[in-house]
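**Student:**
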Amino acid sequence: MKRYRIGLIHLFDESNACRIDGLRAAFGGFGVGRIPPHITLVPPANLHPKDVDAEIYRLRKIASETSSYFCEVGPAGTFDPISPVLYLRVGGVGVDPMAVLQDKLLSSQHYKSSSRPFVPHVTLMDPASSAEIKDALGIIKSRLSIQEFRSFEMMISAVQPYWEFSSDFRFEPSRKMYRGGMSLEVFAHTSGDLSIYRMVSDEGISPSLFCPQADLRFRCDGQENLVVSIYSQGQLVACGSANYHSTIGLVRAVVVKSGLYRLGLGSLVAGELLYQLEIKGVETVFAAVPTALEGFIQKCGSRPATAGRWLICYPSGMTLNSWSFSRR
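Going by numbering that gives the first Met the number 0, the final residue of the sequence shown carries number 327, and the count climbs one at a time with no gaps.
1. Nearest-angstrom Cα distance between S165 and E131?
2. Tell me whether A130 sits in a helix, a strand or coil according to DSSP, three-state version.
3. How many angstroms separate the CA atom of L55 from the CA atom of D167?
4. Of all the alpha helix (DSSP H) runs that stay within the bounds of the region 80 to 115, which reach a length of 4 or more residues?
5. In the structure shown, what three-state DSSP assignment does G180 receive?
6. Does the region 260 to 273 come close enough to the region 234 to 244 that 3 or more CB-CB pairs lie under 8 angstroms?
7. Opposite S150 in the DSSP bridges: which residues?
8. Can you give me the C-alpha to C-alpha distance between L273 and E163, rounded to a whole angstrom?
9. When you compare only the Cα positions, how much space is there between S67 and L104?
10. I need the straight-line Cα distance from E223 to V281, nearest angstrom please.
11. Which residues in the same chain as A306 place their Cβ atom closer than 6 angstroms to its Cβ, once the five residues preceding and following it in sequence are excluded?
12. From R23 to G248, what does the alpha carbon distance come to, in whole angstroms?
13. If I follow the unbroken alpha helix (DSSP H) through Y274, where does it start and stop?
14. Any beta carbon of chain B sitting closer than 7 angstroms to that of M153?
15. Considering only residues of the region 182 to 232, which uninterrupted beta strand (DSSP E) runs meet the minimum length of 3 residues and lie entirely inside it, listed in chain order?
16. Mark R88 as exposed unless 16 or more other C-beta atoms lie within 10 angstroms of its C-beta, in which case mark it buried.
17. Does D52 come out as helix, strand or coil in the three-state DSSP assignment?
18. Starting from the Cα of L183, find the closest Cα among V253, S156, Y230, D95 and give me that residue.
19. I need the DSSP call for E282, collapsed to helix, strand or coil.
20. Quick test of your reading: V254 and I204, contact by CB under 8 angstroms. State the CB separation rounded to the nearest angstrom.
21. Can you list, in chain order, the residues of its chain with a C-beta nearer than 7 angstroms to that of G93? Leave out the 5 residues immediately preceding and following it.
22. Which whole runs of the alpha helix (DSSP H) in the region 4 to 65 are 4 residues long or more, in chain order?
23. Note down the Cα distance separating F78 from L262, rounded to an integer number of angstroms.
24. I'd like to confirm the pairing. Which residues does DSSP put opposite I155 in its beta bridges?
25. Would you call the CB atoms of M83 and A127 closer than 7 angstroms?
26. Once DSSP output is grouped into helix, strand and coil, what is the label at G258?
27. Within the same chain, show all residues whose beta-carbon is closer than 6 angstroms to that of S194, passing over the 5 residues directly before and after it, in chain order.
28. With DSSP run on the structure shown, which of helix, strand or coil describes L143?
29. With P36 and I19 assumed to form a contact (beta carbons below 8 angstroms), what rounded beta-carbon distance in angstroms separates them?
30. Among E202, C17, P48, D102, whose alpha-carbon lies nearest the alpha-carbon of R115?
31. Could you please give me the residues that DSSP links to V253 through a beta bridge?
32. Report whether the distance from the Cβ of L104 to the nearest heavy atom of the ligand FMN is below 6 angstroms.
33. Tell me the rounded alpha-carbon separation between C146 and V121.
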């Protein structure tokens, strides 16, 4: 069975990524269009499909126990003469917690630990000539930017040498709760993951509902994505996805694993999506698949609305029902 080629990295926010990509283009275009600017935490490794679920859960647990940190990017540095690589140095108070995170990530048997010390960096050229390295070291002499890291990301390479974003692992504590006699952990992120894609496919649901993408119903740019995954004893049991822009949200999907119906898991997912949307400042929510979501939303802890309501809209022209969010 084909294995997944994965890597664990830190991605940069849009402004810093554009600045770094500009430098990469100026120095020959290394990686531009092939992989976004990043700091490698775990070098590329092969992950067997049978290990996906356990590894995704392990990564979510590590992320939930990690706090965000700040790092400085720049000046330029090099591994020459050991390796003809030109890079941007990564320093500041965040280097130590980043090294601790890397140690935790590498504790799995799926990854090979390195005998060399961890040197966080952003590659600009590989390989680079001695003259190019000398010129860059003379030009990029100071800090370029500061970046706060609030997550790490998994990248997947389906076709070498290109890499695509797969999922994010936020530095946020998981929420603990009980439902149907099960002890549950709830994680929030912006995209689905390999475990979610497999589970929803088994349930006959398109994985595209959990991919970070714009929804045409909003008819605007700048949409954000939200995914909730719920685990019991390390196993994914339910998940849901939503989009939002400004004060408007759209619940796209709620999926419960076969054999675990009628335990209130679907309502719990819907409630968690509404909870996360409320944190983001969303005031009005629309349901993309009303016949499947109505029951979940009615049971998730909402009550008939008065002011400040949650509006569940039925695109088919059915009567509008309103619900207000009730925090647990």
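The beta-carbon is built from N, C-alpha and C at its ideal position, and this holds for glycine as well.
**Tutor:** Considering the structure as presented:
1. 34 angstroms
2. helix
3. Reading off the sequence shown, one finds Ile at residue 55, where the question assumed Leu. One C-alpha to the other measures close to 10 angstroms.
4. 94 to 104
5. coil
6. yes
7. R169
8. 29 angstroms
9. 16 angstroms
10. 11 angstroms
11. Residue confidence for A306 is low, a pLDDT of 28 falling below 50, so the modelled location carries little weight and cannot support an answer.
12. 37 angstroms
13. 264 to 278
14. In the structure shown, chain B cannot be found, because there is only a single protein chain.
15. 223 to 231
16. buried
17. helix
18. Y230
19. coil
20. 5 angstroms
21. Y68, F69, C70, F148
22. 13 to 25, 51 to 63
23. 56 angstroms
24. I5, E163
25. The question names Met, yet the displayed sequence has Pro at residue 83. Yes.
26. coil
27. V51, D52, I55, L235
28. coil
29. 4 angstroms
30. D102
31. G239
32. Looking at this structure, you won't find the ligand FMN or any other ligand, since it has none at all.
33. Looking at the sequence shown, residue 146 is not Cys but Gln. So the two alpha carbons sit approximately 12 angstroms from each other.
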